[in-house]
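Visitor: Going by this note's numbering, the sequence shown opens with residue 61, and the numbers climb by one from there.
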Amino acid sequence: MAGKVNLDIQSILNRQFNIDFKGYSAKEVDAFLDLIIEDYETYQEISSELNTKIGELERTNASLRAKLIEVEGKVRAMEQNPTPASKGSENVDILKRLSRLESAVFAKKNESR
Numbered sequence: 061m062a063g064k065v066n067l068d069i070q071s072i073l074n075r076q077f078n079i080d081f082k083g084y085s086a087k088e089v090d091a092f093l094d095l096i097i098e099d100y101e102t103y104q105e106i107s108s109e110l111n112t113k114i115g116e117l118e119r120t121n122a123s124l125r126a127k128l129i130e131v132e133g134k135v136r137a138m139e140q141n142p143t144p145a146s147k148g149s150e151n152v153d154i155l156k157r158l159s160r161l162e163s164a165v166f167a168k169k170n171e172s173r
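1. So residue 127 and residue 93 are supposed to be a Cβ contact under 8 Å. How far apart are they, rounded?
2. Identify the continuous alpha helix (DSSP H) that holds residue 68 and give its terminal residues.
3. List the whole-angstrom C-beta distance separating residue 65 from residue 99, where the pair is believed to meet the contact cut-off of C-beta under 8 Å.
4. Return the bridge partner residues of residue 84 from the DSSP annotation.
5. Does the distance from the C-beta atom of residue 85 to that of residue 78 stay below 7 Å?
6. Out of curiosity, what's the CA-to-CA distance linking residue 75 and residue 67?
7. By alpha-carbon positions, which one of 82, 80, 69, 159 ends up nearest to residue 131?
8. To the nearest whole angstrom, what separates the beta carbons of residue 164 and residue 117, a pair I think is in contact under 8 Å?
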């Protein structure tokens, strides 16, 4: 992720500037605003990274859903027209595919944590 955030809500609310002869110290205000700008830049970087990750996960999810639909279609086709010779081998093939699909889904889920 991006760099460390310098400010939180409480520190912004509780911040007090020394009063100079003509008002607030311009240097203090500028320094404080520089910190705020750094934080906003950090938030933007974090947001951008998370949006990229969301896009990747949505594409992966769509791909896995398509594979699942394909497997479910094959299962339905086998259930409607089972042949004794292919029934056993098709079941093993489907179980292997489902196992790979589950592994991929849970691997992606664990990576996002």
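Beta carbons: idealized from backbone N, C-alpha and C, even for Gly.
Owing to the predicted nature of the structure, the values given are computational and were not obtained by experimental measurement.
Guide: This is what the structure holds:
1. For this step, residue 127 is matched to residue 67 along the sequence shown. For this step, residue 93 is matched to residue 33 along the sequence shown. Contact doesn't hold; Cβ gap of about 51 Å is too wide.
2. In the sequence shown, the residue the question calls residue 68 occupies position 8. Here residue 68 belongs to no alpha helix (DSSP H), and DSSP marks it neither H nor E.
3. Numbered from 1 along the sequence shown, position 5 holds the residue referred to as residue 65. Numbered from 1 along the sequence shown, position 39 holds the residue referred to as residue 99. Contact between residue 65 and residue 99 is confirmed by a C-beta separation of about 5 Å, below the 8 Å threshold.
4. By 1-based counting over the sequence shown, the position of residue 84 is 24. 79, per the DSSP bridge assignment.
5. Taking the first residue of the sequence shown as position 1, residue 85 is located at position 25. Taking the first residue of the sequence shown as position 1, residue 78 is located at position 18. Yes, these two residues count as a Cβ contact at 7 Å.
6. If you number the sequence shown from 1, residue 75 lands on position 15. If you number the sequence shown from 1, residue 67 lands on position 7. Rounded to the nearest angstrom, the two C-alpha atoms are 10 Å apart.
7. Reading the sequence shown from its first residue, position 71 is the one you call residue 131. If we check each option's Cα against that of residue 131, 159 comes out closest.
8. Against the sequence shown, residue 164 aligns to sequence position 104. Against the sequence shown, residue 117 aligns to sequence position 57. About 12 Å; that fails the 8 Å criterion.
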